[in-house]
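Last residue of the sequence shown: 277 (full-length UniProt numbering), numbering continuous.
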Amino acid sequence: VLDIDWCPHNDQIIASGSEDCTVMVWQIPESGLTVPLTEPVVVLEGHSKRVGIITWHPTARNILLSAGCDNVIIVWNVGTAEELYYLDNLHPDIIYNVSWNRDGSLFCSACKDKSVRIIDPRRGQVIAEREKAHEGARPMRAIFLADGKIFTTGFSRMSERQLALWDPENLEEPMALQELDSSNGTLLPFYDPDTNVIYVCGKGDSSIRYFEITAEPPYIHFLNTFTSKEPQRGMGWMPKQGLDVNKCEIARFYKLHERKCEPIVMTVPRKSDLFQD
């Protein structure tokens, strides 16, 4: 299994993409798992190489996007196990990630050819493209923000790690560009649309940096860094409905170590505890 994604509309449904070129949809029992789950509810076959990216549509039920190492993106109707859109000529190289916009009308992608593309799946067209969004050869990521802007992470020509903010109406120059450091781990952005905070984690790092995105220059504001002792092998995070708001949680990460998975909780302290009551 190379990627998994919880369904935003049903807490019991999870989708996975794997080495065997299939996409599978699983139903977790309401009482939780007591034995390993081996029978998927739906198997979706359409890719010719391994499937490394899975992401549910943010607003439409039963719509799932998958991207494989065959450089093909497929939008599925999970309810009928049908391919809705088969987008096979938009990416000349490996797709690093895909991100829907807030209403699910468009998605953006980051590709090994160093381009960020904005794609309309219904028309099957690239409606905007920025070549060499980051000039370095190492992997990059691109995500849509709530206001329609695009946030990217990547590397400069000198292999320094970068963050950038883009206006989809004008991809000629970034609205903001920041260089972080010269570590070589790919930066993974996690975006919270409610607080407009982006958490940036690097593979192999032992820290999580977080930034606030605003509508006024300089747009990207560094807030703080969470530091721990051990480097992270990977990072996942809890959807908002799983957070404990009574403890003022605004984010919870699951940090993958060599031998364990550690929860990391982000909270906003309050002067008064009355709100939680």
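Backbone N, C-alpha and C define an ideal beta-carbon position, used for all residues, glycine too. In this text the structure is predicted, and so the values were computed from the model without any measurement.
Beta carbon of residue 201 nearer than 7 Å to that of residue 235 = Cβ distance < 7 Å, so residue 201 and residue 235 count as in contact.
query = Comparing alpha-carbon positions, which option in 266, 194, 215, 218 lies nearest residue 227?
reply = Closest option to residue 227, Cα to Cα, is 266.
ask   = What three-state label does DSSP hand residue 245 in the structure shown?
value = In the structure shown, residue 245 sits in a helix (DSSP, three-state: H, G or I).
query = If we ignore side chains and look at the alpha-carbon of each, how far apart do residue 19 and residue 48 end up?
reply = Rounded to whole angstroms, the gap between the alpha carbons of residue 19 and residue 48 is 10 Å.
ask   = What residues in its chain sit with their C-beta under 6 Å from that of residue 41, if we drop five residues either side in the sequence?
value = If you ignore the 5 residues before and after residue 41, its C-beta comes within less than 6 Å of the C-beta of 25, 27, all in its own chain and listed in chain order.
task = Assess, as a yes-or-no matter, whether the segment 93 to 103 is touched by the segment 136 to 156 under the definition of 3 or more beta carbon pairs within less than 8 Å.
result = These segments touch.
task = Compute the beta-carbon to beta-carbon distance between residue 156 and residue 136, rounded to the nearest angstrom, for a pair I have assumed lies under 8 Å.
result = Contact between residue 156 and residue 136 is confirmed by a C-beta separation of about 5 Å, below the 8 Å threshold.
message = Our contact map puts residue 162 next to residue 179 with C-beta atoms below 8 Å; I'd like the distance itself, whole angstroms only.
response = Contact holds; Cβ gap of about 5 Å.
key: Sequence ranges, beta strand (DSSP E) only - wholly within the segment 196 to 228, length at least 3   = List check, beta strand (DSSP E) in window: 197 to 202, 207 to 213, 220 to 227.
key: Buried or exposed by the 16-neighbour rule on C-beta atoms within 10 Å, applied to residue 223   = Exposed, by the Cβ-count rule.
N-terminal and C-terminal residue of the beta strand (DSSP E) that residue 71 is part of = From DSSP, residue 71 is part of no beta strand (DSSP E); its letter is neither H nor E.
message = Just to confirm my understanding: we take residue 15, look at its own chain, exclude 5 residues before and 5 after, and list those with CB closer than 6 Å. What are they?
response = Excluding sequence neighbours, residue 15 sits near 5, 25, 54, 64.
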